[in-house]
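Here the structure comes first, spelled out in structure tokens, and everything after it is commentary.
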Amino acid sequence: MKEFNFKGAGKTRVILDGNFLRIKRKGFLNFANHGMDGEKTIDIYNMSGVQMKEAGSVTSGYLQFIFMGSKENKGGLFAATKDENTIMFIKKEQDMANEIKAYIENIIANKNSSTGPQVQTGSADEIRKFKELLDEGIITEEEFATKKKELLGL
1 MKEFNFKGAG
11 KTRVILDGNF
21 LRIKRKGFLN
31 FANHGMDGEK
41 TIDIYNMSGV
51 QMKEAGSVTS
61 GYLQFIFMGS
71 KENKGGLFAA
81 TKDENTIMFI
91 KKEQDMANEI
101 KAYIENIIAN
111 KNSSTGPQVQ
121 TGSADEIRKF
131 KELLDEGIIT
141 EEEFATKKKE
151 LLGL
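So for the sequence shown, my numbering puts the first residue at 1; every next one is plus one.
Have a look at this one:
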């Protein structure tokens, strides 16, 4: 578990705990933009990506968490301040934002690569061809079963 405290663009505490992201907002700026929403817990496995705008010397940056079916923030910084799935930060907090982004992208990448055996598009056709060879008596049942497992990645 790792904790980050953003204080420059509204007080926000972010906790990374396994595949969960917890956001706790405090302070007047957050109250004005988000009300009293308490702590929000997000399962990173439900995210499809992270959008970042780096902080400048005068402007804040933000991390926006993107979910399947959600629309990315197109309204810029002002719209991001009101989005409950966005964390605002200032230039000296950029490294913390980069670390959170990398952590989330790593989990998303690992989730997408470990979704089980992937049947390639051509595998079904290959299996059909080997089934025909089996039906014609050219290969044995054992050879067919071995090749089928190989093509399915089992």
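We treat Cβ as the ideally placed atom computed from N, Cα and C, and that holds for glycine.
Item, Value
"Ala102 vs Phe89 beta-carbon contact at 8 angstroms", "no"
"Sub-8 angstroms separation of Lys148 and Glu84 beta-carbons", "no"
"Minimum C-alpha distance to Ile66 - residue among Phe144, Ala9 and Met47", "Met47"
"Euclidean distance between Cα positions of Phe130 and Ile139", "8 angstroms"
"Straight-line Cα distance separating Leu21 from Ile87", "12 angstroms"
"Extent of the continuous beta strand (DSSP E) to which Leu21 belongs", "Phe20 to Lys26"
"Top-ranked residue by Cα proximity to Gly153, from Glu136, Ala124 and Leu133", "Ala124"
"Proximal residues to Leu16 (C-beta, below 6 angstroms), its chain only, five neighbours per side dropped", "Lys2 and Tyr103"
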